């Protein structure tokens, strides 16, 4: 049985198997949930350790080892369901590209890259790493020119809040705007993740690593109101409660988001644009915060990722006009040029005088 211990607000687990110590974050703030998670991980570690390296390893086996090492298991379920019994040694990059749409028939190239190519390549390379360290490289699909998401501003959020379908929706929109939290991360926030005194929110299940988001006092006040209200039960599972904002998943949020935009008379901006994209644009472009600080506050892996993908340039014409926009007086320029030029008659007289001063050569 793994031992769990608390570090900050999150529980970690530690266990030693065959002389090797494994210590990882569980991502949970509840000790009971952390212990259940740790026990599951330890069982996976023991199974992977018993099997050792298997020349006939399947995708399902490799996925178990991959997740046992604490790697991201998102998108693996469908891959294992369809291709789990295939041996990883038989997997060829061209075959994966050819059959990727078998898993997601209606998916666009970017989705196939994210949900098939990247996770499968990671699982296979993780298995190979235990053997001889070789790597498989699966070429990604060309996504073409992707339409960039546009940022909104504070006035957009004020109008959205006024016409929101619920107080929870208004608070969630502001929360994503203030913290750059993704919509799925916001949906999973529970009362125990919120520290109103410190004005922090613990985001445990994120796309990258768990992080602590800082919030303003008005945002903390809104969360205090939500925490004091009775919890909303999950419609699909009556034993579960929804997150502090009242939503079970991002799909429930999308249903009313466009309706609110229409009622408020504002342009439609999905949660990711009005939240994460606007956060980066607001801090770096509008407020002049340095990219390193902005990337840290928003939970980006690096400032480059944030700048390349999220921060949107604004007011290009304003910049050009401010620097080069002074009116040009063409008439004055022309007169200056004329005053500085000699007339044709003056040039002829000057040439004649010069010729008279040049001594002629003797014949």
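Numbering (the UniProt record's numbering), first residue to last: 1 to 363.
Don't be surprised by glycine CBs; every beta carbon is placed ideally from N, CA and C.
Treat the numbers as computed from the prediction; the structure is a model and nothing was measured.
Residues bridged to residue i (per DSSP)
i, result
"residue 86", "Paired residues: none, contrary to the question."
"residue 22", "15"
"residue 195", "200"
"residue 7", "10"
"residue 379", "No answer is possible for residue 379: the residues shown for the chain start at 1 and end at 363."
"residue 58", "87"
"residue 427", "No statement about residue 427 is possible, as the shown extent of the chain runs from 1 to 363 and does not include it."
"residue 233", "241"
"residue 211", "203"
Sequence-distant residues of the same chain with beta carbon closer than 8 Å to residue i, five excluded per side
i, result
"residue 265", "159"
"residue 58", "84, 85, 86, 87 and 88"
"residue 46", "17"
"residue 136", "91, 93, 121, 124, 125 and 128"
"residue 62", "88, 123, 124, 126 and 127"
Spatial neighbours of residue i in its chain, beta-carbon cut-off 6 Å, leaving aside the 5 residues before and after
i, result
"residue 303", "291, 292 and 295"
"residue 128", "134"
"residue 300", "306"
"residue 185", "203 and 206"
"residue 6", "none"
Among the options, the one whose alpha carbon lies nearest that of residue i
i, options, result
"residue 138", "105, 45, 97 and 153", "97"
"residue 183", "217, 127, 243 and 216", "243"
"residue 111", "143, 80 and 41", "143"
"residue 20", "167, 6, 42 and 210", "42"
"residue 123", "67, 28 and 197", "67"
"residue 308", "149, 30 and 99", "149"
"residue 33", "23, 10, 172 and 262", "10"
"residue 258", "151, 71, 36 and 165", "165"
"residue 241", "267, 192 and 272", "192"
"residue 220", "60, 155, 70 and 171", "171"
"residue 251", "141, 298, 270 and 289", "270"
"residue 297", "75, 140 and 201", "201"
"residue 153", "310, 189, 286 and 188", "286"
"residue 263", "161, 253, 222 and 73", "161"
"residue 224", "195, 56 and 8", "195"
Own chain residues within Cβ distance below 7 Å of residue i, not counting five before or after
i, result
"residue 338", "Bear in mind that a pLDDT of 49 at residue 338, under 50, signals an unreliable position, so the number given afterwards is only what the model happens to contain. Taken in chain order, the list of residues that qualify is empty."
"residue 108", "none"
"residue 38", "2, 4, 13 and 26"
"residue 82", "102 and 103"
Decide yes or no for the touch test of the segment 226–233 against the segment 116–125: beta carbon pairs closer than 8 Å, at least 3 of them. By the Cβ test, the segment 226–233 is not in contact with the segment 116–125, since fewer than three Cβ pairs between them sit closer than 8 Å.
Can you list the alpha helix (DSSP H) stretches of 4 or more residues lying completely in the segment 266–320, in chain order? Taking only runs of at least 4 residues, the alpha helix (DSSP H) segments lying wholly in the segment 266–320 are 291–298 and 303–309.
How about the segment 211–231 and the segment 171–191: do they share at least three Cβ pairs that are nearer than 8 Å? Yes: the two stretches touch, three or more of their Cβ pairs being nearer than 8 Å.
Could you check whether the segment 266–285 touches the segment 187–207, counting it as contact only if at least three pairs of C-beta atoms, one from each stretch, sit closer than 8 Å? Taking a cut-off of 8 Å for Cβ pairs, the segment 266–285 and the segment 187–207 do not touch, as fewer than three such pairs fall below it.
Which parts of the segment 123–192 are runs of the alpha helix (DSSP H), unbroken and 4 residues or longer, counting only runs that do not cross its ends? Fully enclosed alpha helix (DSSP H) runs of 4 or longer: 154–163, 167–179 and 183–187.
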